[in-house]
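Its first residue numbered 13, the sequence shown is counted upward by one per residue in the working numbering.
For glycine and all other residues, C-beta sits at the position ideal for the given N, C-alpha and C.
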Amino acid sequence: MIQRLFNFIKKPTSKDIIINTVGNYLNVVFIAFFAFLLVRILAPSQYGVLSVLLGIAYVLANILDFGTTASIYSYLPVMIEKKQKNIYIFLKTILFYQTGFSVVIILLLFIFFPYLDKVFFKTGAPPWELYATTFSVLFLVWQNYAINALFAAKRFLKANVFLNLSNLIKTIIIFVMIPMHLITVGSIIFVFGIIGPIVFFILLFFEKRHIVFKILKASVKKEEFRFGYTITFFIASQFFNLAQRMDLFLLSYFLSKSPEVGYYGLAQKIILTVIASIASITQVLSPKFSKISTKEEVQKEFKTGIVYLLIPTAFFIALFFTPNVIFYLFFTEKFAQTAIITKTLTWPYIIYTFLNLPLLFLLYTVKKPSYILIANLVIFIIISFGSYYLIPTMNVSGPPYALALSFFIGLIILSVASYIEYKKLPSKII
């Protein structure tokens, strides 16, 4: 048994998942440390403004992905394996169109951000801090693009080393700024949103300068962007991202100023920490699914995927059986209800864990994101209407039922679609 475990760990896929998981959680540790440090330096009102502005920057950077992540994972691994000549044209085209679309949105934000802040966000931040936030979005978009390309090329160690070295340098810069009394909302945004990505790019350039130059010199071909595929997945992902927030949004709507909203929000963050391990696994599995061409390969990768996804499943089960006193130790008894809510949320997210397998197959193997769009739209509708009707009668106990039903229906839709597409694949390559 022990020998089988060692053999399992020694597999290249296992090593990549371990590297990626450690890297992701190290990034989480840095984020937690930054929060721990900054709440002791900034006034609560300043930290609130910083949270809003950084939140806008990170969310917008993810939105401005425009679905290119799917294109990179879906096509780049096969191009690399077959040593196709259009690799750099593909990467240049993705970068060109993503940058172009992003610049348009960023320019609009640059013009209207002061007005939006005045009537909606109401941070009261000076214009230069708003403009620094806007400018940082483009750097974060480029950093995400580079990380996705490295992951698709199976350079998990390099990507995580570059990212966390960037985090380390950001930490050093902040410590240097503290005795100089330079810590402000604007300076932190500049360090996190601009300096951090620049450090990442410098590390990447010194390691892969020959590839960087080839990408920059490559031509742009519109057909390499694959608009239909990219935009369909982009819309699908936005429905899912919004669905994941609807329960908390509706709790805030029905239970405004109630401490239960805070309990639920904290429980959601705990769940998201475990979800990071799912992302670590799917990022490693994605390039493998993009290379599948036969039924036998599908069976092999699904079996492998199920085994690896049992790891976050075990985390969720362990979270359910964690004694409440452990929650009190970390979050104090003031947040006692968070323990109950967290345990209630574990079961819907166990279903969500395995929903990722048919999603990977449909997105990267058969490259039909329209199925995912349908499933995510259904998930969004069920969570929205389910939470809307359950919260008034069940309070924070309502949304987990809506989540469980939505993920279950989504799993059925994606599984049926996967079976239909699986039947179309050849049994073996002729």
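With 16 other Cβ atoms within 10 Å as the buried cut-off, status of residue i
i	result
L107	buried
E444	There is no way to answer for residue 444, as the model of the chain reaches only from 13 to 442.
V280	At residue 280 the sequence reads Gln, which differs from the Val that was named. Q280 comes out buried.
M258	buried
I425	buried
P412	buried
R462	Within the shown structure, residues of the chain are numbered from 13 to 442, placing residue 462 beyond reach of any answer.
R52	exposed
Q110	buried
L367	buried
V378	buried
L297	buried
M192	exposed
G317	buried
L369	buried
A429	buried
S305	exposed
P324	buried
Y157	buried
Per-residue DSSP class, three states only, for residue i
i	result
L437	coil
I391	helix
G35	helix
I384	helix
L267	coil
D77	coil
T135	coil
H222	helix
R257	helix
Q96	coil
S430	helix
P191	coil
V273	helix
F217	helix
V232	coil
V310	helix
L54	coil
I68	helix
V115	helix
P360	helix
F373	helix
T334	coil
I403	helix
S305	coil
V319	helix
K104	helix
Rounded Cβ spacing between residue i and residue j (contact assumed at less than 8 Å)
i	j	result
I353	Y276	5 Å
S439	E308	7 Å
I394	I421	6 Å
F392	A171	31 Å between Cβ atoms; not a contact.
Y85	A164	5 Å
L103	I227	5 Å
L128	F174	Actually they do not touch by this definition, with Cβ atoms about 33 Å apart.
P89	P299	4 Å
G410	S396	That belief does not hold up - the Cβ atoms of G410 and S396 are roughly 12 Å apart, past 8 Å.
L169	I31	5 Å
V232	T80	The Cβ separation is near 14 Å, so there is no contact.
F213	L66	So it is not a contact: roughly 20 Å between Cβ atoms.
Segment contact, 8 Å Cβ cut-off, at least three pairs: the region 148-161 with the region 199-218: yes
Contact between the region 238-255 and the region 173-187 (3+ Cβ pairs under 8 Å): no
Inter-stretch contact (C-beta, 8 Å, three-pair minimum) for the region 55-72 and the region 333-351: no
Cβ contact check for the region 244-259 and the region 375-388: 3 or more pairs under 8 Å: yes
Cβ contact check for the region 66-77 and the region 111-122: 3 or more pairs under 8 Å: yes
Alpha helix (DSSP H) runs contained entirely in the region 142-206, provided each spans 4 or more residues: 168-189 and 197-202
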